[in-house]
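Undergrad: My questions all concern the structure below.
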């Protein structure tokens, strides 16, 4: 009998910091599994998720926001929303977090070798995109370059702010930030993400576009990618739905015949556009 | 294994032989029949149509402790689930339902609770001589004497029960009770077949499923959905009483320092089922939920596991408080295709 | 009941520009079933019926139907909902008005004086249901069952629903239009069900309810069918904080059932729908009728009869009995 997949592993929080402030603030956790065997056996790829939580409170499905190339630790960026994420936000370095996974499919980073990568993110939607960025950065020779577009309502709502400056120094990487409304001392673009995409006018040639963010943003990004000449097959996005088990049993995360926890969360647009419920 | 006969007078003795195992059987709660563990002096009566609540709880209890722990500790304790269980007298549709959910519970990753319970459970079925009003098992791949999923099939021949082992587990059970059984002759076999044929003829309602699994997604915006869901109360009756409905919630429950993570039946007909913490709900009304319930059973499940997730037991239709009738919905689906 | 008058009135109301739809009853898909009808135009009224099988209280749909946000650029639909009510159902409408769950100008109420409906479970037990849809009529003092072309006269006493035997308001207490003449009221019988439980000592009473609540599967059909259980955010669904665990066991089931009963004290209008729909056959009517009786006896209050009344649980009188407070 194999191990019970519902039993989470204990991990220790090594470091935490706030990405954004406010009532729905986003806090990032860097955690390391206590058990060396778990550490060694664990392997994930960009796009995958994990069930993280606190015993006695519950668990939530959260994107793993680091690339395996970064080291033997996991990172989660969690917005404070409900019961579980509130409990997670209480965790400080040294505290225990319960983790099981990794779950779901991953971005087909192997298939994408030799291509240009374009990520288009909004708000907390950058969390599942960040592992791609890091993965491509770590394997620069295998990709034709990376363009990152990332926006949020205000500069305070941008995640991973500290990381962008260093990235911009890289030759093959270009990083474009935008916020919805003008702010003092803001050096970057002002405007919505879909518009910035149009303004940048990236060539679809040999390019893969990956977008993640609020539903309304995704809708317009998809429209604009089509305007720019991207084929459906060149476009990827991720879905999220309420989940409980993470392993295709509990039933609730389906968008029609697709279980987001197993068939997703990563979907090619050519598949997704046939599923009206994915955009509900 | 050859067919046997069990004289009905020996039935209490047969049940008595199974002590030591946890025996589940239909019992009257005063007004209705329900599957429950049989106590020492309780009688097991098989003269019933079907229970309102299906016996799916034998493998998938309504509430299941996944593991226990103490608040502040990360040591968890799993339930042993090592008790042998015999379910007596379940109907062929309910046994077949277990083979259907089996596919999901073993999809890619085994669900350990379901699998462990299944390993320890022997299913002794009872063929239907008198199908219910809304039975339509024959439309969806079953039948009143179907054996799929069962370890032993029994049939009521009047004075005797016809008893036949279908699996090794079933054979082992009959070996234990061998001294109560006698060999069945050809007449008994013929009588059993005649009764099951007659039972099939008594099934009056039916659904037409050809083209439905492929066609349902295309009816996404069809006016049939608001029409059939308008009167839905959004309660969990149809799903909780469905032998193939398998959705669950997971919750942590604490009592002082003692805590447990448990799972419990959930229902896609509840608004909270798909509600995101943000307040967004991808299925905001009863229309989307009803559509999902039907599509899941008759299309998505077929797409994933190659079988319709409905065994035609009729419970959802029998017990819907507002006469939402799955047979009628499927008629309208067929008409709209 | 004159079906022609019912359908003619139904057609007129459903055709009104200011009416979104009319809620009535129609023949169900098999046997004794009657289904709620959402009639959107005059033609749809042809399927309306009113018979001793029309047990459902349609007032629950007044608050059940989801209010989705109005898309930008569109006007909200402010048309009225019309509904057909029996006496008990009309009390639900009245109570909703008292609680401001609905406004009077949002509804058109069509009153159906009701000689009493059947207990559907009893009917099916005594006259087994067949797949062919059956009809039923009031026939003087009796019921007339018409199925498979055969007519069977059945005495009223044999099949009358418990709630109807105890009914004191067979004629709708609120209506915009009344179908036909009021029926003669009858002396409500004794509530034997409640009295039997009251007569038990504490231990056997506990045992009785333990057996009952043990059966509860928490499908919430009782709550959802109840016209007066319409909180947008029910404490039973709340998980943060969790007031009632989702685990299904005697303790949590009892907490759920007691919470519901208490929230209905002085509000339950005794339509009996909770008990009718319970798939576990829990005699929920006994709980709610007991509380209704206590409220009536101790406080002289009866919900759902006076649209101008103050809500019972929100009112205080200096001479309120308080012998239950320690």
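Residue numbers (our numbering), protein chains in the order written: chain A, 2 to 281; chain B, 1148 to 1484; chain C, 4 to 329.
Backbone N, C-alpha and C define an ideal beta-carbon position, used for all residues, glycine too.
These figures come from a predicted structure and were not determined experimentally.
Nearest by alpha-carbon distance to residue 119 of chain A: which of A/10, A/33 and A/173 is it?
TA: The candidate whose alpha carbon is nearest that of residue 119 of chain A is A/173.
Undergrad: Based on the DSSP output, what are the partners of residue 1175 of chain B in its beta bridges?
TA: DSSP lists B/1180 as partners of residue 1175 of chain B.
Undergrad: With burial defined as no fewer than 16 other Cβ atoms inside 10 Å of the residue's Cβ, what is the status of residue 266 of chain C: buried or exposed?
TA: That one is buried.
Undergrad: So with CB distances below 9 Å, who are the chain C contacts of residue 83 of chain A?
TA: In chain order: 242 and 243.
Undergrad: So, does the CB of residue 1451 of chain B fall closer than 8 Å to a CB anywhere in chain A?
TA: True, the Cβ-Cβ gap to chain A drops below 8 Å.
Undergrad: Counting only runs of 3+ residues fully inside the stretch 181-254 of chain A, write out the beta strand (DSSP E) ranges in chain order.
TA: Whole beta strand (DSSP E) segments, 3+ residues: 208-213 and 236-239.
Undergrad: Beta carbon of residue 27 of chain A, beta carbon of residue 49 of chain A: below 8 Å?
TA: In this structure, residue 49 of chain A does not lie closer than 8 Å to residue 27 of chain A by Cβ.
Undergrad: Considering Cα atoms alone, identify which of B/1472, B/1243, B/1190 and B/1162 is closest to residue 1374 of chain B.
TA: Checked all of B/1472, B/1243, B/1190 and B/1162; the closest Cα to residue 1374 of chain B is B/1472.
Undergrad: What residue from C/321, C/220, C/306 and C/295 has the CA that sits closest to residue 284 of chain C's CA?
TA: For residue 284 of chain C, the nearest C-alpha among the options comes from C/220.
Undergrad: From the beta carbon of residue 1420 of chain B, is the nearest beta carbon of chain A less than 8 Å away?
TA: So, interface residue.
Undergrad: Can you tell me whether DSSP reads residue 114 of chain A as helix, strand or coil?
TA: Three-state result, residue 114 of chain A: coil.
Undergrad: Against chain B, with Cβ distances strictly below 8 Å, would residue 220 of chain A count as a contact?
TA: False, the Cβ-Cβ gap to chain B never drops below 8 Å.
Undergrad: Strictly below 8 Å CB to CB, what residues from chain C border residue 1097 of chain B?
TA: Any question about residue 1097 of chain B goes unanswered here, given that chain B covers just 1148 to 1484.
Undergrad: With DSSP as the reference, label residue 311 of chain C as helix, strand or coil.
TA: Three-state result, residue 311 of chain C: coil.
Undergrad: Go ahead and label residue 234 of chain C buried or exposed: buried means 16 or more other beta carbons lie within 10 angstroms of its beta carbon, across all protein chains shown.
TA: By the neighbour-count rule (16 or more Cβ atoms within 10 Å), residue 234 of chain C is not buried but exposed.
Undergrad: Which class does residue 262 of chain C belong to by DSSP, given the choice of helix, strand or coil?
TA: Residue 262 of chain C: helix per DSSP, three-state reduction.
Undergrad: If I follow the unbroken alpha helix (DSSP H) through residue 214 of chain C, where does it start and stop?
TA: That run of the alpha helix (DSSP H) goes 205-217.
Undergrad: Where does residue 87 of chain C sit, in a helix, a strand or coil, going by DSSP?
TA: Here residue 87 of chain C sits in strand by DSSP.
Undergrad: For a contact defined as C-beta to C-beta under 7 Å, what are the partners of residue 248 of chain A on chain B?
TA: Within 7 Å Cβ-Cβ: 1256.
Undergrad: Just to confirm the assignment: which complete beta strand (DSSP E) runs, minimum length 3, are found wholly within the stretch 1185-1266 of chain B?
TA: Complete beta strand (DSSP E) runs here, min 3: 1210-1217 and 1232-1237.
Undergrad: Any idea if residue 171 of chain A is buried or exposed, counting beta-carbon neighbours within 10 angstroms, 16 or more meaning buried?
TA: Flag for residue 171 of chain A reads exposed.
Undergrad: What three-state label does DSSP hand residue 177 of chain A in the structure shown?
TA: Correct three-state label for residue 177 of chain A: strand.
Undergrad: If you reduce the DSSP assignment to three classes, tell me which class residue 1126 of chain B lands in.
TA: Any question about residue 1126 of chain B goes unanswered here, given that chain B covers just 1148 to 1484.
Undergrad: Output yes if chain B places a C-beta closer than 8 Å to the C-beta of residue 237 of chain A; else output no.
TA: For residue 237 of chain A, the answer is no, since every Cβ of chain B falls outside 8 Å of its Cβ.
Undergrad: Using a Cβ-Cβ distance under 8 Å, would residue 1174 of chain B count as near chain C?
TA: No, residue 1174 of chain B does not count as interfacial toward chain C.
Undergrad: Check this for me: beta carbons of residue 273 of chain C and residue 291 of chain C, under 8 Å apart or not?
TA: It is a contact, given that the beta carbons lie within the stated cut-off.
Undergrad: Three Cβ pairs or more, each shorter than 8 Å: is that satisfied between the stretch 235-246 of chain A and the stretch 1415-1426 of chain B?
TA: As far as the Cβ criterion goes, the stretch 235-246 of chain A touches the stretch 1415-1426 of chain B, which means the pair count is three or higher.
Undergrad: For chain A, is any of its Cβ atoms less than 8 Å away from the one on residue 1216 of chain B?
TA: So, interface residue.
Undergrad: Check each candidate in B/1183, B/1466 and B/1333 and name the one with the smallest Cα separation from residue 224 of chain C.
TA: Answer by Cα proximity: B/1466.
Undergrad: Out of B/1150, B/1377, B/1314 and B/1225, state which residue places its alpha-carbon closest to the alpha-carbon of residue 1437 of chain B.
TA: Per the Cα distances, B/1377.
Undergrad: For a test of the three-state rule: what should DSSP assign to residue 1401 of chain B, helix, strand or coil?
TA: DSSP places residue 1401 of chain B in strand when its eight states are reduced to three.
Undergrad: For residue 1377 of chain B, decide whether its Cβ has a neighbour in chain C, counting only Cβ atoms nearer than 8 Å.
TA: Residue 1377 of chain B counts as touching chain C.
Undergrad: In whole angstroms, give me the CA-to-CA distance for residue 1193 of chain B and residue 1173 of chain B.
TA: C-alpha separation (whole angstroms): 7 Å.
Undergrad: Which residues bound the alpha helix (DSSP H) around residue 196 of chain C?
TA: Looking at the DSSP string, the run of the alpha helix (DSSP H) that includes residue 196 of chain C is 195-202.
Undergrad: In chain C, which residues lie with their C-beta within 8 Å of the C-beta of residue 1383 of chain B?
TA: The contacting residues are 220, 221, 222, 223 and 224.
Undergrad: From the DSSP output, in three-state form, read off residue 38 of chain C for me.
TA: Correct three-state label for residue 38 of chain C: strand.
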